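Each position in the sequence shown, counted from 1, maps to that position plus 169 in my numbering. Glycine residues also receive a C-beta, built at the ideal position from the N, C-alpha and C atoms. Bear in mind that the values here come from a model prediction, so they are computed numbers and not experimental data. So the structure is just underneath, and the comments pick up after that.
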Amino acid sequence: MTARAEAAQSTADGILDAAIELFAEKVFEEVTLDEVAARAGVTKRTVLRRFESKDRLFVSAMDHAVDEMVRQREEAPVGDVPAAVANVVEHYERWGKNRLRLLAQEDRIELVAEHVRGGRTYHRGWVEHAFAPQLAGLRGPARKRRIAALVAATDVYTWKLLRLDLGLSRAETERTLVEMIG
170 MTARAEAAQS TADGILDAAI ELFAEKVFEE VTLDEVAARA GVTKRTVLRR
220 FESKDRLFVS AMDHAVDEMV RQREEAPVGD VPAAVANVVE HYERWGKNRL
270 RLLAQEDRIE LVAEHVRGGR TYHRGWVEHA FAPQLAGLRG PARKRRIAAL
320 VAATDVYTWK LLRLDLGLSR AETERTLVEM IG
């Protein structure tokens, strides 16, 4: 029984990994269950039996990815600006293009928009946690502005601008973000 359960979980994980890759490469509408199945090395029927629909597969794939993302982001030490920046840049090196593709679709696809809203909420909470010492003593509008500045400095769009658009190296991107945060 254990071997069967492990094989089933391995198949599900393979499907989810294939779906995550495809949703990172293409817009939602262009991803097909046939492609997911082919990339995972299973049949479309297996994908449907396990996930029932493309929408459910998307939600499951994003939940699967979020679990990994959260584990990695929670490793950022509180109050250590260079380490927190290195952590968020590592996150974007792995997930940035996926996040950007999802952000580009949020106004068209409610399912994607729900996922993106959750990501924004998580990122703000992460900022408040990771930079808690930098926020200590700030109240009211001053605290709100500082949180907004930290969210903006560590946002995927800032990483994109520095790393992809301006061509900074990863190390230069990290140094720039640390300087922005001050």
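Residues near ILE278 in its chain [Cβ-Cβ closer than 7 Å; skip 5 each side]: PHE197
Where does LEU226 land, buried or exposed, given buried means 16+ other C-beta within 10 angstroms? buried
My assumption, with CB atoms under 8 Å, is that VAL347 sits in contact with PRO251. Please give the rounded CB distance. 5 Å
Under the three-state reduction of DSSP, which class applies to LYS195: helix, strand or coil? coil
Using beta-carbon positions only, say whether MET231 and TRP264 come within less than 8 Å of one another. no
Considering only residues of the same chain and omitting the five flanking positions on each side of GLN274, which have a CB-CB separation below 7 Å? VAL196, PHE197, VAL281
I want to check one thing, is the minimum distance from the CB of ILE350 to the heavy atoms of the ligand FAD below 7 Å? Within the structure as shown, the ligand FAD is missing, as the structure has no ligands at all.
Is it right to say GLY336 is buried, meaning 16 or more other beta carbons lie within 10 angstroms of its own, or is it exposed? exposed
Around the C-beta of GLY309, are 16 or more other C-beta atoms found within 10 angstroms, so that it is buried, or is it exposed? exposed
What span of residues does the alpha helix (DSSP H) with LEU202 cover, start to end? 202-209
Would ILE184 pass as a contact of VAL211 if the rule is Cβ separation under 8 Å? yes
Can the beta-carbon of ALA322 be found closer than 8 Å to that of MET349? yes
List the endpoints of the continuous alpha helix (DSSP H) containing ASP224. 223-242
Rounded straight-line distance, which links the Cα of LEU217 to that of THR345: 46 Å
Between the C-alpha atoms of THR180 and PHE192, what's the straight-line distance to the nearest angstrom? 18 Å
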